[in-house]
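Trainee: The structure that follows is given in the form of structure tokens.
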Amino acid sequence: MAARFLALLLLAIPIQAQSPVWGQCGGISWGGPTTCVAGSTCVSYGDYYSQCIPSTHVSSTIPTTTLVTSVTPPPASSASSSASATRATSTSAATCSALPGSISLKANAKLNDLFTMFNGEKVTTKDKFACRQAEMSELIQRYELGTLPGRPATVTASFSGNTLTINCGDSGKSISFTVTITYPSSGSAPYPAIIGYGGGSLPAPAGVAMINFNNDNIAAQVNTGSRGQGKFYDLYGKSHSAGALTAWAWGVSRVIDALELTPSARIDTTRIGVTGCSRNGKGAMVAGAFEKRIVLTLPQESGAGGSACWRISDYLHS
């Protein structure tokens, strides 16, 4: 009897599996594996999420790809400019303080002051705020969203019917994806347009074209197992640091590139908006933050981590 009880007890003890590369390995309410397969390390990104990162990526927390910022001091440069080039417009790189390579993160009970640089310097001019914007962009890419690549080596486009085809190539790899355009029954071309994440049944405002953007085709976001799937990762590799929100923003930028290359699409690229709901609302926010050619950002119900800060979800779960 004792032997049978012991056998049942042993069967009741779960076998601790290992999480795959890019899989979740920890966080509040996480009940899955907390160790990673060989060749990867469990890295914490806060109380709620830890991820198995390839050991070759853990040696440095700084992304190796050039960081991109969207808002720059005049004269404005292309949205695909690198952070170093962006800072060197009217506010020289020497004027903008570089972030340290390694940062010791500290808890802050209050919201961060948007008008204080990382080094404690106060922001009192527009040029200095441009430096602060570049700094915040670098921080959010480094610690939350992953690195946003600039414009790839080649971008071409073709237009037929109401379908715009975008072709991108870089480092010997290439991808193609499409968006569909619904034109308004009123107004005149070239039309202002709203890029809709997931498209669907978005109501078309009078005189405004709607562009249906299939963001899931660019980067899948089903669960942790879908990490690294989609057109973006076909081009840049499954191990690229960019998460889905960043990959989607990259896709939106390429749509705008294609519209600029295709006057026959009859879209006014100086009047582009972006929208999405829920997780797609978060995506719209990220695109609007990084892509300066977007002049109107309409996130719908983007929740905590979107229009509302993560602290709201922390409070709700406390």
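Residue numbers (mature numbering (1 follows the signal peptide of the UniProt record, and there is no 0)): -17 to -1, 1 to 301.
Every residue gets a Cβ at the ideal spot worked out from N, C-alpha and C, and that includes glycine.
Fair warning: this is a prediction, and the values are worked out from it, not measured in the lab.
#1: With DSSP as the reference, identify every bridge partner of N198, one or two as the case may be.
#2: Output the distance between the C-alpha atoms of G207 and G213, rounded to the nearest integer angstrom.
#3: Using three-state DSSP, classify R276 as helix, strand or coil.
#4: When the distance is taken between beta carbons, is P3 closer than 8 angstroms to C35?
#5: Measuring alpha carbon to alpha carbon, tell me which of S27, G155, P282 and V20 ends up nearest G10.
#6: Among P37, E243 and M119, whose alpha-carbon lies nearest the alpha-carbon of P138?
#7: Please classify N102 as buried or exposed, where buried requires at least 16 other C-beta atoms within 10 Å of its C-beta.
#8: Whose C-beta lies closer than 7 angstroms to the C-beta of A267 among residues of the same chain, with five residues either side of it excluded?
#9: How do the segment 193 to 203 and the segment 99 to 116 stand: do at least 3 beta-carbon pairs fall below 8 angstroms, yes or no?
#10: For R254, report the span of its beta strand (DSSP E) as first-last.
#11: Exposed or buried, which one is Y126 when buried takes at least 16 other CB atoms within 10 Å?
#12: Which of helix, strand or coil does DSSP assign to L131?
#13: Report the residue from D251, V235 and T148 whose alpha carbon sits nearest the alpha carbon of S134.
#14: Would you mind sorting N263 into buried or exposed? The rule is 16 or more other CB atoms within 10 Å of its CB.
#15: How big is the Cα-Cα spacing for I250 and G289?
#16: How big is the Cα-Cα spacing for S64 and G144?
#17: Got a sec? Which residues, its chain only, sit under 6 angstroms from G149 by beta carbon, not counting five neighbours each side?
#18: May I have the straight-line CA-CA distance separating residue 338 from T146, to the nearest angstrom?
#19: Look at the Cβ atom of A287, then the Cβ atom of S296, and state whether they are nearer than 8 angstroms.
#20: A202 and Y216 look like a contact to me (Cβ under 8 angstroms); what is the Cβ gap, rounded to whole Å?
#21: So is E284 buried or exposed if we call it buried at 16+ other beta carbons inside 10 Å?
#22: Considering only the alpha carbon of each residue, which of A136, P175 and W293 lies closest to I277?
#23: For D96, which three-state DSSP category applies?
#24: Taking all protein chains shown into account, decide if A270 is buried (16 or more other Cβ within 10 angstroms of its Cβ) or exposed.
#25: Roughly how many angstroms separate the alpha carbons of P132 and A272, rounded to a whole number?
#26: Who are the near neighbours of residue 321 in its chain, counting only those whose CB is closer than 7 angstroms to its CB and skipping five residues on each side?
#27: For S247, which of I123, A172, S23 and R294 has the nearest alpha-carbon?
Mentor: So, to answer that:
#1: Sequence index remark: in the sequence shown, residue 198 carries index 215 (1-based). N198 is not bridged to any residue.
#2: Looking up residue 207 in the sequence shown gives position 224. Looking up residue 213 in the sequence shown gives position 230. In the sequence under discussion, the amino acid at residue 207 is Thr, which differs from the Gly named in the question. Straight through space, the alpha carbons of G213 and T207 are spaced by roughly 14 angstroms.
#3: By one-based count along the sequence shown, residue 276 stands at place 293. Looking at R276 - three-state DSSP - the assignment turns out to be coil, as it is neither helix nor strand.
#4: What you label residue 35 is simply residue 52 of the sequence shown in a count that begins at 1. What you label residue 3 is simply residue 20 of the sequence shown in a count that begins at 1. Yes; because the gap between Cβ atoms is below 8 angstroms, this pair is in contact.
#5: The residue given as residue 10 occupies position 27 in the sequence shown. When only C-alpha atoms are compared, the closest one is S27.
#6: For the purposes of this step, residue 138 is taken as the residue at position 155 of the sequence shown. With the sequence shown as reference, residue 138 is identified as Val, and Pro is not the correct amino acid for it. That would be E243, whose Cα lies nearest to the Cα of V138.
#7: Residue numbering aside, residue 102 sits at position 119 when the sequence shown is read from its first letter. Label assigned to N102: exposed.
#8: As a first step, residue 267 must be located in the sequence shown, where it is residue number 284. Same-chain partners within the cutoff: Y180, V257, T258, G259, T280, L281 and P282.
#9: no
#10: For the purposes of this step, residue 254 is taken as the residue at position 271 of the sequence shown. From DSSP, the beta strand (DSSP E) with R254 extends over I250 to C260.
#11: The sequence position of residue 126 within the sequence shown is 143, counting from 1. Result: exposed.
#12: What you label residue 131 is simply residue 148 of the sequence shown in a count that begins at 1. Correct three-state label for L131: coil.
#13: Walking along the sequence shown from the start, residue 134 turns up at place 151. Reading off the sequence, residue 134 comes out as Arg, not Ser. The candidate whose alpha carbon is nearest that of R134 is V235.
#14: Looking up residue 263 in the sequence shown gives position 280. Per the 10 Å Cβ criterion, buried.
#15: Along the sequence shown, read from residue 1 onward, the residue named residue 250 stands at position 267. Along the sequence shown, read from residue 1 onward, the residue named residue 289 stands at position 306. Cα to Cα, I250 sits roughly 28 angstroms from G289.
#16: On the sequence shown, position 81 is the one that residue 64 refers to. On the sequence shown, position 161 is the one that residue 144 refers to. Below a pLDDT of 50, predicted positions are generally treated as unreliable, and S64, at 34, falls in that range; the measurement from the model is reported next regardless. Using only the alpha carbons, I get a separation of about 32 angstroms.
#17: By 1-based counting over the sequence shown, the position of residue 149 is 166. The question names Gly, but residue 149 in the sequence shown is Ile. Excluding positions up to five away in sequence, the list reads A140, F160, R237 and A241.
#18: Because the chain spans -17 through 301 in this model, residue 338 falls outside it and cannot be assessed.
#19: For this step, residue 287 is matched to residue 304 along the sequence shown. For this step, residue 296 is matched to residue 313 along the sequence shown. With respect to S296, A287 sits close: the two C-beta atoms are nearer than 8 angstroms.
#20: Numbered from its first residue, the sequence shown carries residue 202 at position 219. Numbered from its first residue, the sequence shown carries residue 216 at position 233. Rounded, the Cβ-Cβ distance is 7 angstroms, consistent with contact.
#21: If you number the sequence shown from 1, residue 284 lands on position 301. With fewer than 16 other Cβ atoms within 10 Å, it is exposed.
#22: If you number the sequence shown from 1, residue 277 lands on position 294. Comparing Cα positions, the closest option is P175.
#23: Your numbering for residue 96 matches position 113 in the sequence shown. Three-state DSSP puts D96 in coil, outside helix and strand.
#24: The residue labelled residue 270 in the question sits at position 287 within the sequence shown. Buried, since its Cβ has 16 or more Cβ neighbours within 10 Å.
#25: Counted from its first residue, the sequence shown places residue 132 at position 149. Counted from its first residue, the sequence shown places residue 272 at position 289. Distance between the alpha carbons of P132 and A272 is about 14 angstroms.
#26: Lying outside -17 to 301, the shown extent of the chain, residue 321 is not represented and no answer is given.
#27: Here residue 247 refers to the residue found at position 264 of the sequence shown. Selected option, being the one with the closest Cα: A172.
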